[in-house]
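Chemist: Quick one: structure below, then a few questions.
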Amino acid sequence: MADIHIEEFYKDTAIALVQLYNAFPRRVNLFVEDIAGPDQADEFGLHSRRHMACFGSLLWLAEEGYVRYVDTIRQEALDQAVLSHRAFTRLSAQASAELIDRFAPQQVADESIPPSVREDFSTHVHIIRETIRGGNSAQVSQVMQAIFFQDSH
Numbered sequence: 000m001a002d003i004h005i006e007e008f009y010k011d012t013a014i015a016l017v018q019l020y021n022a023f024p025r026r027v028n029l030f031v032e033d034i035a036g037p038d039q040a041d042e043f044g045l046h047s048r049r050h051m052a053c054f055g056s057l058l059w060l061a062e063e064g065y066v067r068y069v070d071t072i073r074q075e076a077l078d079q080a081v082l083s084h085r086a087f088t089r090l091s092a093q094a095s096a097e098l099i100d101r102f103a104p105q106q107v108a109d110e111s112i113p114p115s116v117r118e119d120f121s122t123h124v125h126i127i128r129e130t131i132r133g134g135n136s137a138q139v140s141q142v143m144q145a146i147f148f149q150d151s152h
């Protein structure tokens with residue numbers, strides 16, 4: 000994928016959704032710096048393009064019904080954020096056979112692992128975690144596209 004800002008968007012949304020899933024059902028503050036890294040405001044107090052792109056990704060998640068929050072903390076964070084029902088069920092759901100085959104085939108096929116654990120390995124959230132850990136932006140983008148585009152079919 001040639002558009003770096005789109006790859007950053009997918010990575011930011013993946014990290015944000017995993018952070019909220021890990022805290023679910025608690026409401027937490029979702030800080031941009033925890034997702035996109037530290038930011039140094041310029042002499043006018045304005046954030047970098049990268050920081051603002053991440054903040055925009057968080058707002059997009061809310062506008063599209065994946066996240067709910069009480070307020071923003073300046074342009075630093077979403078205050079009291081929580082996954083929506085839609086996002087929670089999507090992340091908890093079993094991924095398609097294609098995603099499993101591409102991103103978690105050994106874990107799901109390993110007969111020495113108990114079935115309940117193999118089932119957990121086949122969820123969207125597990126596959127997102129694994130692709131984030133792998134550090135490959137293109138793979139994170141592919142996984143997030145598959146998850147976001149489920150609604151359009």
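Here numbering that gives the first Met the number 0 is used: position 146 in the sequence shown is 145, and no number is missing along the way. Virtual Cβ for every residue (Gly too), placed ideally from N, Cα, C.
Enumerate in chain order the residues of its own chain whose CB-to-CB distance from Phe30 is below 7 angstroms, with the five nearest sequence positions on each side excluded.
Modeler: These residues qualify, in order along the chain: Glu75 and Ala76.
Chemist: Helix, strand or coil: how does DSSP classify Tyr20 here?
Modeler: Here Tyr20 sits in helix by DSSP.
Chemist: According to DSSP, is Gln69 part of a helix, a strand, or is it coil?
Modeler: According to the sequence displayed, residue 69 carries Val and not Gln. In the structure shown, Val69 sits in coil (DSSP, three-state: anything other than H, G, I, E or B).
Chemist: Taking the alpha-carbon of Cys53 as reference, which of Ala103, Thr12 and Phe23 has the nearest alpha-carbon?
Modeler: When each option's Cα is compared against that of Cys53, the closest is Thr12.
Chemist: Suppose you measure from the CA of Asp119 to the CA of Ala145; what does that come to, to the nearest Å?
Modeler: Rounded to the nearest angstrom, the two C-alpha atoms are 18 angstroms apart.
Chemist: With DSSP as the reference, identify every bridge partner of Leu29, one or two as the case may be.
Modeler: Partner(s): Leu77.
Chemist: Classify Leu45 as helix, strand or coil using the three-state DSSP reduction.
Modeler: Coil.
Chemist: Which of the three DSSP states is assigned to Gln39 in this structure?
Modeler: Residue state, collapsed to three classes: coil.
Chemist: Quick one: is Glu97 buried, meaning 16 or more other Cβ sit within 10 Å of its Cβ, or exposed?
Modeler: Glu97 is exposed by the Cβ-count criterion.
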